[in-house]
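A short worksheet on the structure shown next.
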Amino acid sequence: MHEMGIAQNILDIALSAAGKEGASKITRINLVAGELRGVVPLQLTFCFGLMAKDTIASGAYLNIEEVPVSGHCNDCSADFSIKEYEYVCLKCGSTKIQVTGGTELSIKDIEIE
Amino acid sequence: MKINVMQDVLQANDRIDGENRQLFKKNHNLVLNLMSSPGAGKTSLLEKTAEILAGKLRLGVIVGDIETTRDADRISRFNIPAIQLTTGTACHLDANMVASALPHLELDKIDILVVENVGNLVCPAEFIVGEDYKVMILSVTEGDEKPLKYPLMFRESSLMLINKIDLLQYTNFILEEARANARKINPAIDIIEISCTNGAGLDEWISWLTARHRKKSGGAGHA
Numbered sequence: 000m001h002e003m004g005i006a007q008n009i010l011d012i013a014l015s016a017a018g019k020e021g022a023s024k025i026t027r028i029n030l031v032a033g034e035l036r037g038v039v040p041l042q043l044t045f046c047f048g049l050m051a052k053d054t055i056a057s058g059a060y061l062n063i064e065e066v067p068v069s070g071h072c073n074d075c076s077a078d079f080s081i082k083e084y085e086y087v088c089l090k091c092g093s094t095k096i097q098v099t100g101g102t103e104l105s106i107k108d109i110e111i112e
Numbered sequence: 000m001k002i003n004v005m006q007d008v009l010q011a012n013d014r015i016d017g018e019n020r021q022l023f024k025k026n027h028n029l030v031l032n033l034m035s036s037p038g039a040g041k042t043s044l045l046e047k048t049a050e051i052l053a054g055k056l057r058l059g060v061i062v063g064d065i066e067t068t069r070d071a072d073r074i075s076r077f078n079i080p081a082i083q084l085t086t087g088t089a090c091h092l093d094a095n096m097v098a099s100a101l102p103h104l105e106l107d108k109i110d111i112l113v114v115e116n117v118g119n120l121v122c123p124a125e126f127i128v129g130e131d132y133k134v135m136i137l138s139v140t141e142g143d144e145k146p147l148k149y150p151l152m153f154r155e156s157s158l159m160l161i162n163k164i165d166l167l168q169y170t171n172f173i174l175e176e177a178r179a180n181a182r183k184i185n186p187a188i189d190i191i192e193i194s195c196t197n198g199a200g201l202d203e204w205i206s207w208l209t210a211r212h213r214k215k216s217g218g219a220g221h222a
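Protein sequences, first through last, are from chains A and B. If you number the first sequence the way numbering that gives the first Met the number 0 does, the last residue is 112 and the count never jumps. If you number the second sequence the way numbering that gives the first Met the number 0 does, the last residue is 222 and the count never jumps.
Following this line, the structure appears as structure tokens:
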């Protein structure tokens, strides 16, 4: 249940951003979540809903854009997506892989009224 | 109206992680974030480590537990400072919880600080707390397929200790499978097989630990 802590952080950031704009309501939050972060969307939405109650984010739609894991090969410079956590270069077989996507967890933007 | 935010959700955690890191650097503490599922042997490993390092390197422990203080009690019998954080419902320690324990420790009198995380293979891997290395324990009674089920933890760890190898013959755990599965997720991971019951492999674990302590303290310190 790390979703609880994550939901709290999302709410804090959204409330603070909306507060700066003098918003009276947050209607939507666009979140980017990398596959490696292991966020369970259903749980996160549920936790967020609970926490947002009695705030201006109450009823806001939490949109979660999931980002697959991608890698860059340090040997042959190929870029590819990593499936099933196989950290092996699809082109040359090297294991010297740098993860280039899939670890992000950030709020892109919010919609307010 | 749409407003751009572009903020990392865990930035509050990462900021406190940075503050913890500075404190540890100042005090030349090697810091490990020790993770595993419940019952894999985190506290047993710390007991053994305290026993072996007694008089050589000074250990300190921060223990996260959902309810009881039993683990801290077990560790403080070895005369090492142990701070218990009861996390309530939280399934992991975060940087802020670790920061709250630091004023209760004399960091300048500690060589190696181990943060014993809450028993859980998922959430602890998400939160950095100021550690130099993540170390995880997989015990043979859990199964050799665990790296594939909990990839983030295996991906993030620098060292995997395979514990309870004295029980290997009673399980269907295949060491080679466990190694291959872990290396598939994290080709650079170090792997040491140990038994906290009969002491197998503990010398190799202690060498791993002391080598990293030497590196962190730049040759200074008490080792």
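No residue lacks a Cβ here, since even glycine has one placed at the ideal position from N, Cα and C.
For residue i, which option in the options has the closest C-alpha, if you only look at C-alpha atoms?
i	options	result
Arg182(B)	Gln168(B), Met152(B), Leu208(B)	Met152(B)
Val8(B)	Gly92(A), His71(A), Asn29(A), Val87(A)	Asn29(A)
Asp13(B)	Ile184(B), Met96(B), Gly142(B)	Met96(B)
Ala59(A)	Ser23(A), Gly101(A), Leu104(A), Ile96(A)	Ser23(A)
Lys1(B)	Glu20(A), Ile12(A), Gly4(A), Gln7(A)	Glu20(A)
Glu105(B)	Ser206(B), Pro186(B), His27(B)	His27(B)
Ile109(B)	Leu158(B), Leu22(B), Leu160(B)	Leu22(B)
Ala98(B)	Asp16(B), Ala39(B), Ile188(B), Gly217(B)	Asp16(B)
Ile111(A)	Ile25(A), Asn73(A), Asp11(A), Gln7(A)	Ile25(A)
Gly89(B)	Ala187(B), Glu125(B), Gly142(B)	In the sequence as displayed, the identity of residue 89(B) is Ala instead of Gly. Among Ala187(B), Glu125(B), Gly142(B), the Cα nearest to that of Ala89(B) is on Glu125(B).
Asp263(B)	Ala210(B), Ala49(B), Leu45(B)	Because chain B in this structure spans residues 0 to 222, residue 263(B) falls outside the shown range and cannot be described.
Lys133(B)	Leu33(B), Glu176(B), Arg178(B), Tyr169(B)	Leu33(B)
Suppose you measure from the CA of residue i to the CA of residue j; what does that come to, to the nearest Å?
i	j	result
Val114(B)	Val98(A)	26 Å
Glu66(B)	Ile82(B)	14 Å
Glu2(A)	Ala16(A)	21 Å
Ser194(B)	Ser43(B)	10 Å
Leu56(B)	Val68(A)	40 Å
Gly220(B)	His212(B)	With a pLDDT of 48 at Gly220(B), under the threshold of 50, the predicted position of this residue should be treated as unreliable, and no value is reported.
Gly100(A)	Ala53(B)	44 Å
Ser156(B)	Leu49(A)	33 Å
Cys46(A)	Met5(B)	21 Å
Lys214(B)	Arg20(B)	16 Å
Val121(B)	Tyr149(B)	6 Å
Ala222(B)	Lys47(B)	Confidence is the limiting factor: at Ala222(B) the pLDDT is only 42, short of 50, which leaves the residue's position unreliable and the question unanswerable from this model.
Ala13(A)	Trp207(B)	44 Å
Val38(A)	Ala32(A)	7 Å
Gly38(B)	Ala187(B)	26 Å
Asn197(B)	Ile79(B)	23 Å
Tyr169(B)	Glu144(B)	17 Å
So what's residue i in DSSP terms, helix, strand or just coil?
i	result
Ala81(B)	strand
Asn8(A)	helix
Gly59(B)	strand
Gly220(B)	No answer about Gly220(B) holds up, because its pLDDT of 48 lies below 50 and its placement is not dependable.
Thr102(A)	coil
Glu20(A)	coil
Lys108(B)	helix
Ile127(B)	coil
Ile51(B)	helix
Ser156(B)	coil
Glu34(A)	helix
Val87(A)	coil
His71(A)	strand
Arg213(B)	helix
Val66(A)	strand
Tyr57(A)	Looking at the sequence provided, one finds Ser at residue 57(A) rather than Tyr. If DSSP states are grouped into helix, strand and coil, Ser57(A) belongs with coil.
Tyr132(B)	strand
Val39(A)	coil
Name the chain B residues that come within less than 8 Å of residue i, Cβ to Cβ?
i	result
Asp74(A)	Residues of chain B passing the Cβ test: none, with the nearest at roughly 12 Å.
Note down, in chain order, every chain A residue with its Cβ under 9 Å from the Cβ of residue i.
i	result
Met5(B)	Ser105, Ile106, Lys107, Asp108
Lys24(B)	Here the premise fails: no neighbours, minimum Cβ distance about 24 Å.
Ala214(B)	Here residue 214(B) is Lys; the residue named in the question, Ala, does not match the sequence. Within 9 Å Cβ-Cβ: nothing; Lys214(B) doesn't reach chain A, min ~22 Å.
Which residues in chain A have a C-beta closer than 7 Å to the C-beta of residue i? List them in chain order.
i	result
Leu137(B)	Simply none; closest approach about 16 Å.
Leu9(B)	Asn8, Leu104
Lys145(B)	Those within 7 Å of Lys145(B) in chain A number zero; the least Cβ separation is about 13 Å.
Which chain B residues are close to residue i, counting only those with a beta carbon under 7 Å from its beta carbon?
i	result
Thr94(A)	Pro186
Interface residues of chain B around residue i at Cβ under 9 Å?
i	result
Ile111(A)	Met0, Lys1, Ile2
Ile5(A)	Val8, Leu9, Glu125
Ile55(A)	Within 9 Å Cβ-Cβ: nothing; Ile55(A) doesn't reach chain B, min ~13 Å.
Is residue i near the ligand FMN, in the sense that its beta carbon is under 7 Å from a heavy atom of that ligand?
i	result
Leu89(A)	Summarising the ligand content, the structure contains no ligands, and the ligand FMN is consequently not present.
Could you list which residues in chain A have their beta carbon closer than 8 Å to that of residue i, in chain order?
i	result
Pro150(B)	Leu35, Tyr84
Cβ-based contacts, 7 Å cut-off: residues of the stretch 14 to 39 of chain A near chain B:
Ala16, Glu20, Leu35, Arg36, Gly37
To be precise: take each residue of the stretch 61 to 94 of chain B, compare its Cβ to all Cβ atoms of chain A, and keep it if any distance is under 9 Å. Which residues remain?
Thr88, Ala89, Cys90, His91, Asp93
Short of 7 Å Cβ to Cβ, which residues in the stretch 62 to 91 of chain A face chain B?
Tyr84, Glu85, Tyr86
Using Cβ-Cβ distances below 7 Å, what residues of the stretch 104 to 124 of chain B are close to chain A?
Val121, Cys122
Interface positions of the stretch 152 to 180 of chain B facing chain A (Cβ-Cβ less than 8 Å), listed along the chain
Arg154
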